[in-house]
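J.: In this note's numbering, the protein residues as written are 1 to 382. Where is the CB? At the ideal position from N, CA and C, for every residue including glycine. Below is a structure I'd like to ask you about.
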Amino acid sequence: MALPTPETFIPDLTVSAPGRINLIGEHTDYNMGYVLPAAVDKTIVFRFRRRPDVFRASFYSQMNQKGFTVSLDAISRSAQSWENYLLGVLAELSKRTDRVQGFDCEIESSLPAGSGLSSSAALECGLAFGLNELFGLGLTPWDLIALSRDAEHHFVGMQCGIMDQFASVMGREGHAMLLDCRSLEYSYHPLKLHPYKLVLLNSHVSHSLADSEYNLRRAQCEEGLSIIRQRFPVAGTLREVSPEMLLACQGSLSTVLYNRCAYVVSENERVLAAVDALEQGDLQRLGALFYSSHEGLRKQYEVSCPELDFLVDYTKKIPGVLGSRMMGGGFGGCTLNLVHEKDAEGFVGEITTAYQQQFGLQLTSFEGVPSSGVAVVGKKDA
Ligand code: GLA
Numbered sequence: 001m002a003l004p005t006p007e008t009f010i011p012d013l014t015v016s017a018p019g020r021i022n023l024i025g026e027h028t029d030y031n032m033g034y035v036l037p038a039a040v041d042k043t044i045v046f047r048f049r050r051r052p053d054v055f056r057a058s059f060y061s062q063m064n065q066k067g068f069t070v071s072l073d074a075i076s077r078s079a080q081s082w083e084n085y086l087l088g089v090l091a092e093l094s095k096r097t098d099r100v101q102g103f104d105c106e107i108e109s110s111l112p113a114g115s116g117l118s119s120s121a122a123l124e125c126g127l128a129f130g131l132n133e134l135f136g137l138g139l140t141p142w143d144l145i146a147l148s149r150d151a152e153h154h155f156v157g158m159q160c161g162i163m164d165q166f167a168s169v170m171g172r173e174g175h176a177m178l179l180d181c182r183s184l185e186y187s188y189h190p191l192k193l194h195p196y197k198l199v200l201l202n203s204h205v206s207h208s209l210a211d212s213e214y215n216l217r218r219a220q221c222e223e224g225l226s227i228i229r230q231r232f233p234v235a236g237t238l239r240e241v242s243p244e245m246l247l248a249c250q251g252s253l254s255t256v257l258y259n260r261c262a263y264v265v266s267e268n269e270r271v272l273a274a275v276d277a278l279e280q281g282d283l284q285r286l287g288a289l290f291y292s293s294h295e296g297l298r299k300q301y302e303v304s305c306p307e308l309d310f311l312v313d314y315t316k317k318i319p320g321v322l323g324s325r326m327m328g329g330g331f332g333g334c335t336l337n338l339v340h341e342k343d344a345e346g347f348v349g350e351i352t353t354a355y356q357q358q359f360g361l362q363l364t365s366f367e368g369v370p371s372s373g374v375a376v377v378g379k380k381d382a
């Protein structure tokens with residue numbers, strides 16, 4: 001069957017779904033804690049066209065220069081990992097509605113895959129949002145967030161939290177969002193960083209253990225919590241564990257489990273401290289929190305890698321940098337840096353050279369501009 005190509009494709013609907021950055025609050029979402037993400041101005045664009053045949057959908061990815069078709073009444077996992085983000089959304093939608101009909105979808109991205117900006121959430125949320133619009137499914141933003149997260153659990157096998165999908169759907173220009181992952185309450189916080197800005201450095205490494213180690217961290221947190229609960233049954237999640245409670249349980253926890261839990265307990269405190277620092281305009285403090293978050297991720301949670309550690313450590317030698325940390329699940333991707341505007345260019349130049357010398361890899365950099373969430377950017381008149 002012929003796949004849609006750019007030449008033949010006149011869309012009924014065009015949707016743009018952003019990736020995300022996370023100021024602070026890493027690996028806290030699935031522990032029902034706090035996160036402080038923002039959507040970014042790097043997006044995946046989806047062009048949709050209705051098809052006359054009701055049960056068929058086709059996808060074409062400009063990034064992969066590949067496409068595939070699927071029967072909407074027989075959705076199953078694919079051997080191609082990128083297809084599973086899309087198939088997972090179709091499968092989750094089919095559990096909630098029977099109103100999705102045949103369509104063609106062409107996908108184009110300015111989001112570097114594997115860079116820790118959650119191109120996966122953008123892929124899931126953009127498809128879910130687009131089909132919701134195209135077929136008038138009546139799903140709420142929270143439905144779209146949850147079903148996109150479920151798609152990743154069930155089809156991709158990554159037991160992710162809710163932060164990335166939340167940010168991709170709920171992002172607001174110029175703002176970060178404090179999300180309480182237990183109550184799902186959230187608030188928008190203007191990112192007033194002037195004369196500083198957020199500079200992302202893409203390490204261009206993406207270690208293959210990322211998914212398996214991610215699921216292992218999640219399991220370790222659950223195991224640690226179950227031991228803590230023997231003494232403090234009141235603690236339903238790691239979120240309810242105070243530093244004092246954790247200390248009281250230290251003797252019953254292995255060093256690894258203690259470190260994992262200690263990281264999560266401290267990171268939750270750092271998120272709230274970061275919101276306070278932002279509100280006070282105390283950027284020095286915000287930067288210091290970035291550094292301590294990275295230390296925790298490196299030493300207690302053990303999800304960093306030599307390349308990311310090098311990039312963070314190197315910033316301590318460069319003037320004008322207030323803070324730096326790895327961002328996202330870990331084992332590669334980007335670091336997030338709070339850098340004075342006047343020093344940003346010199347910073348990028350110097351660290352790029354040093355990184356090249358150390359690892360033989362080319363860094364890429366871009367500014368983290370907080371942007372709006374998934375949206376319709378074009379619609380053919382009915
Ligand atoms: C990935 C997951 C998120 C979150 C981060 C770490 O991006 O998808 O749910 O757990 O890692 O903070």
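#1: Would you say G332 touches the ligand GLA, meaning its beta carbon is less than 7 Å from a heavy atom?
#2: Compare the beta carbon distance of F68 and G126 with 8 Å and say whether it is the shorter of the two.
#3: Tell me the rounded alpha-carbon separation between S371 and M177.
#4: Whose CA, out of L361, F331, A121 and Q356, lies closest to the CA of S206?
#5: Within 10 angstroms of the Cβ of L123, are there 16 or more other Cβ atoms? Answer buried if so, exposed if not.
#6: Within 7 Å: the Cβ of G329 and any heavy atom of the ligand GLA?
#7: For the beta strand (DSSP E) containing I10, list its first residue and its last residue.
#8: Please confirm whether G19 and L117 have their CB atoms less than 8 Å apart.
#9: Leaving out five residues before and five after L193 in sequence, what residues of the same chain have Cβ atoms less than 8 Å from its Cβ?
#10: What are the boundary residues of the beta strand (DSSP E) that includes F68?
#11: M326: buried (16+ other C-beta within 10 angstroms of its C-beta) or exposed?
#12: Between S203 and G333, is the Cβ-Cβ spacing less than 8 Å?
#13: For D98, which option in S61, I107 and F55 has the closest C-alpha, if you only look at C-alpha atoms?
#14: Between G320 and D343, how many whole angstroms is the CB-CB distance? I'm expecting something under 8 Å.
#15: Looking at N64 and the ligand GLA, is the gap between the Cβ and the nearest heavy atom below 7 Å?
#16: Does the count of Cβ pairs from the segment 151-162 and the segment 79-93 closer than 8 Å reach three?
#17: Does the distance from the C-beta atom of S324 to that of F290 stay below 8 Å?
#18: So who's on the other strand from E269, going by DSSP bridges?
#19: For K379, which residues from the same chain have a beta carbon less than 7 Å from its beta carbon, with the 5 sequence-adjacent residues on both sides left out?
#20: DSSP three-state call for E367: helix, strand or coil?
#21: Just to confirm my understanding: we take M32, look at its own chain, exclude 5 residues before and 5 after, and list those with CB closer than 6 Å. What are they?
#22: CA-CA distance, T28 and C221?
#23: Closest to H189 by C-alpha separation, out of A38, E267, I75 and N268, would be which residue?
#24: Per DSSP, what kind of secondary structure is D143 in: helix, strand or coil?
#25: If you follow the alpha helix (DSSP H) that L97 is in, where does it begin and where does it stop?
#26: For the ligand GLA, is there any heavy atom lying closer than 7 Å to the beta carbon of C125?
#27: Using three-state DSSP, classify C334 as helix, strand or coil.
#28: With contact counted as at least three CB pairs below 8 Å, one residue from each stretch, are the segment 353-364 and the segment 287-305 in contact?
#29: In three-state terms, what does DSSP make of G383?
#30: Can you name, in chain order, every residue of its own chain whose Cβ lies under 6 Å from the Cβ of F166, other than the five neighbours on each side?
#31: Just list the residues that DSSP pairs A422 with in beta bridges.
#32: Given the structure, does N22 come close to the ligand GLA, in the sense that its CB is under 7 Å from one of the ligand's heavy atoms?
#33: Could you pull the DSSP bridge partners for A39 from this structure?
#34: Could you have a look at V303 and say whether DSSP puts it in helix, strand or coil?
#35: How many angstroms separate the CA atom of Q280 from the CA atom of L322?
#36: Using C-beta distances below 8 Å, list every residue in its chain close to E223, excluding the 5 sequence neighbours before and after it, in chain order.
T.: On the basis of the coordinates in this document:
#1: Reading the sequence shown from its first residue, position 332 is the one you call residue 332. No, since every heavy atom of the ligand GLA falls outside the 7 Å radius drawn around the Cβ of G332.
#2: Counting from one through the sequence shown, the residue named residue 68 turns up at place 68. Counting from one through the sequence shown, the residue named residue 126 turns up at place 126. Result no, Cβ atoms of F68 and G126 do not sit closer than 8 Å.
#3: Position 371 of the sequence shown, counted from the first residue, corresponds to residue 371. Position 177 of the sequence shown, counted from the first residue, corresponds to residue 177. In a straight line, the C-alpha of S371 is about 11 Å away from that of M177.
#4: As a position in the sequence shown, residue 206 is number 206, starting the count at 1. Considering only alpha carbons, the answer is F331.
#5: The sequence position of residue 123 within the sequence shown is 123, counting from 1. Flag for L123 reads buried.
#6: On the sequence shown, position 329 is the one that residue 329 refers to. Under cutoff, so the answer is yes.
#7: Start at 1 with the first residue of the sequence shown, and residue 10 comes out as number 10. Annotation: I10 is outside any beta strand (DSSP E) and is labelled neither H nor E by DSSP.
#8: Your numbering for residue 19 matches position 19 in the sequence shown. Your numbering for residue 117 matches position 117 in the sequence shown. Closer than 8 Å, so yes.
#9: Here residue 193 refers to the residue found at position 193 when the sequence shown is read from its first residue. Around L193: L283 and L338.
#10: The count along the sequence shown starts at 1 and reaches residue 68 at position 68. Here the beta strand (DSSP E) through F68 covers K66 to S71.
#11: Here residue 326 is taken as the residue at index 326 of the sequence shown, counted from 1. Under this definition M326 is a buried residue.
#12: Taking the first residue of the sequence shown as position 1, residue 203 is located at position 203. Taking the first residue of the sequence shown as position 1, residue 333 is located at position 333. In this structure, G333 lies closer than 8 Å to S203 by Cβ.
#13: As a position in the sequence shown, residue 98 is number 98, starting the count at 1. The candidate whose alpha carbon is nearest that of D98 is F55.
#14: The count along the sequence shown starts at 1 and reaches residue 320 at position 320. The count along the sequence shown starts at 1 and reaches residue 343 at position 343. Going by Cβ atoms, the distance from G320 to D343 rounds to 3 Å, so yes, they are a contact pair.
#15: Counting from 1 along the sequence shown, the entry for residue 64 is found at position 64. N64: no, Cβ never under 7 Å from the ligand GLA.
#16: The count of Cβ pairs closer than 8 Å, one atom from the segment 151-162 and one from the segment 79-93, reaches three, so the stretches are in contact.
#17: To locate residue 324, count along the sequence shown from 1; it is residue 324. To locate residue 290, count along the sequence shown from 1; it is residue 290. The answer is yes: Cβ separation under 8 Å.
#18: Here residue 269 refers to the residue found at position 269 when the sequence shown is read from its first residue. E269 pairs with nothing; no bridge assigned.
#19: If you number the sequence shown from 1, residue 379 lands on position 379. Excluding sequence neighbours, K379 sits near L13.
#20: Here residue 367 refers to the residue found at position 367 when the sequence shown is read from its first residue. Looking at E367 - three-state DSSP - the assignment turns out to be strand.
#21: Taking the first residue of the sequence shown as 1, we reach residue 32 at position 32. Correct list, in chain order: C181, R182, T237 and R239.
#22: Stepping through the sequence shown from its first residue, residue 28 is reached at position 28. Stepping through the sequence shown from its first residue, residue 221 is reached at position 221. Approximately 10 Å between the Cα atoms of the pair.
#23: Here residue 189 refers to the residue found at position 189 of the sequence shown. Looking at the Cα atoms, A38 is the closest of the given residues.
#24: Your numbering for residue 143 matches position 143 in the sequence shown. In the structure shown, D143 sits in a helix (DSSP, three-state: H, G or I).
#25: Position 97 of the sequence shown holds residue 97. It should be pointed out that residue 97 corresponds to Thr in this sequence rather than to Leu. Premise fails: T97 is in no alpha helix (DSSP H) and is neither H nor E.
#26: For the purposes of this step, residue 125 is taken as the residue at position 125 of the sequence shown. No; taking the cut-off as 7 Å, the Cβ of C125 has no heavy atom of the ligand GLA nearer than that.
#27: Here the question's residue 334 lines up with position 334 in the sequence shown. In the three-state scheme derived from DSSP, where H, G and I count as helix and E and B as strand, C334 is classed as strand.
#28: no
#29: Past the edges of the chain, shown from 1 to 382, lies residue 383, and the structure says nothing about it.
#30: For the purposes of this step, residue 166 is identified with residue 166 of the sequence shown, where counting begins at 1. The beta carbon of F166 lies closer than 6 Å to those of I145 and L179 in the same chain, with the five residues before and after it left out.
#31: Limits of the chain in this structure are 1 at one end and 382 at the other, which puts residue 422 out of reach.
#32: Stepping through the sequence shown from its first residue, residue 22 is reached at position 22. Yes; taking the cut-off as 7 Å, the Cβ of N22 has a heavy atom of the ligand GLA nearer than that.
#33: Your numbering for residue 39 matches position 39 in the sequence shown. DSSP output for A39 lists R20 and S371 as bridge partner(s).
#34: For the purposes of this step, residue 303 is taken as the residue at position 303 of the sequence shown. V303: coil per DSSP, three-state reduction.
#35: As a first step, residue 280 is located in the sequence shown; it is residue number 280 there, counting from the start. As a first step, residue 322 is located in the sequence shown; it is residue number 322 there, counting from the start. Straight-line Cα distance between these residues: approximately 16 Å.
#36: The residue you call residue 223 lines up with position 223 of the sequence shown. Hits under 8 Å: L257.
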